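Counting with the working numbering, you get residues -17 to 316 for the letters of the sequence shown.
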Amino acid sequence: MPLLEVQNLQVQFQTPEQTVYAVSDLSFTLDRNETVGLVGESGSGKSATALALMGLPPAKITGGSIRFDGEELVGKPAEFLQKLRGQKMAMIFQDPFSSLDPTMSIGAQLIEAIRIHLPLKGKAAYAYALELLKNVHMPTPEQKMRQFPHELSGGQRQRVLIAMAFACKPLLLIADEPTTALDVTVQAQILDRTAVLQRQHSSGLLLITHDLGVVAETCHRTLVMYAGQLMEAGTTEQIFRNPLHPYTQGLLAATIPLEKPEARRQPLPTIPGQPPSLTQKFTGCPFFPRCRARIPNLCDKEKVPLYSLPSGRQVRCLLYADQRSGTSSDVSSV
Ligand SMILES: Nc1ncnc2c1ncn2[C@@H]1O[C@H](COP(=O)(O)OP(=O)(O)OP(=O)(O)O)[C@@H](O)[C@H]1O
Ligand SMILES: [Mg+2]
């Protein structure tokens, strides 16, 4: 049984003016000791997915199933989910500033996080907090315990959040663009540290990022989302060597291959057009208007199923209808 099994997840945001169908069909699994990358253009529903998995508002789950560590989470009371967060699952957000309390020292915040979830008090809690900072290779950790968030660099603040996330030795860690705001060297250090801690705790990691280079280096499997739907999933090797979905092909073409730094001087190809607004529901493939392989009167007419291919990959594109293995099904997961 996988650590996390998501089936046909649907997530909405309700604003006074409109409903946003942020996730309309997402299925995947994630195991302990596994890193799965979640990629897709801005607005494709990645953060909505993360919020839904963590049971955090304002994301509202309107359909599907999330089984985590043997239990169904959809429909569970808020208190149950709150207990789970910080005990069995933890999340690292993009902006460490807004996740830290500017009025509390780093040490006080770490100790507070520890005491909510672990039976540690006083000196023992302090010692554990210090150990957590050392685990993320924080320079001068004793001094940092006394300092406030604004006295730390962006990279150091992100280290604090990673330290907090691992305080409870989570089974599942969700990192939503954890290093976007940091320079490349610090990014690499932070991701390295996260990977080491993940291995130590045998956690599963869902890594949301725009950086396909990071995905290629760190993720075992990759999920490609577009307009709230899973478009393609497979091993990172499969996806990067031979992207099947025209959307994935466009996404990868818009990235400079690491082995071709000279390509940096050329303008990057982009996928023409914009992702659609998610205030609508789609009848056909949401990528249809931008797709160079589209078949009019077919792809735009009916919802495209997620096909499972014999190679174990999945793709939501009619081009692969003939290659599917067994029955085409939306409920099959990676
Ligand atoms: N709090 C919110 N209230 C209403 N709509 C929201 C809210 N958060 C996100 N949305 C909408 O939900 C859709 C999915 O957004 P989401 O934040 O999940 O995208 P994303 O893939 O994480 O994008 P990015 O790469 O820019 O972080 C978008 O249309 C977005 O405008
Ligand atoms: Mg996001």
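Ideal Cβ placement from N, Cα and C applies to all residues, glycine included.
Here the structure is a predicted model, which is why all the values come from computation and not from measurement.
For ligand 2, no non-hydrogen atom lies closer than 7 Å to the CB of SER81.
Contact check for LEU8 against GLN256 fails: the beta carbons are separated by 8 Å or more. Residue state for GLU94 is assigned as helix, using DSSP reduced to three classes.
Within the model, the alpha-carbon separation for HIS192 versus VAL21 is close to 6 Å. Relative to the non-hydrogen atoms of ligand 2, the Cβ of ASP77 never comes closer than 7 Å to any of them. Rounded to the nearest angstrom, the Cβ distance from ALA41 to VAL(-7) is 5 Å, consistent with a contact under 8 Å. Three or more beta-carbon pairs drawn from the region 180 to 189 and the region 10 to 30 are found closer than 8 Å, and the two stretches are therefore classed as touching. Counting other Cβ atoms within 10 Å of its Cβ, PRO84 stays below 16 and is therefore classed as exposed. Proximity to TYR108 across HIS99, ASN117, GLU124 peaks at GLU124, based on C-alpha coordinates.
Relative to ligand 1, ALA4 has its C-beta within less than 7 Å of a heavy atom. Counting only the Cα atoms, GLU214 lies some 13 Å from ARG306. In the structure shown, ALA60 adopts helical secondary structure according to DSSP, grouped into three states.
8 Å or more divides the Cβ of THR176 from the Cβ of ILE156.
Spatial neighbours of TYR289 in its own chain (CB-CB distance under 8 Å, excluding positions within 5 residues in sequence) are listed in chain order as GLN296, VAL297, ARG298, CYS299, TYR302, ALA303, GLN305, ARG306, SER310. The closest CA to that of HIS132, considering only LEU234, ALA95, ARG49, LEU82, is found on LEU82. For ILE190, the uninterrupted beta strand (DSSP E) segment begins and ends at 186 to 190. Linking LYS283 to SER29 through their CA atoms gives a straight-line distance of about 28 Å.
Under the DSSP assignment, GLY19 falls outside any alpha helix (DSSP H), being part of the beta strand (DSSP E) whose first and last residues are 17 to 21. The continuous beta strand (DSSP E) containing ARG49 extends over residues 42 to 50. A direct Cα-Cα distance of roughly 15 Å separates ALA198 from GLN169. Burial of GLY37 is indicated by the presence of at least 16 other C-beta atoms within 10 angstroms of its C-beta.
Assignment of ILE156 by DSSP, reduced to helix, strand and coil, places it in the strand class.
Sequence-distant Cβ neighbours of LYS116 in its own chain, meaning closer than 6 Å and more than five residues away, are PRO123. Judged by their CB atoms, CYS201 and GLN69 are not nearer to each other than the 8 Å cut-off.
The closest heavy atom of ligand 1 lies less than 7 Å from the beta carbon of PRO40.
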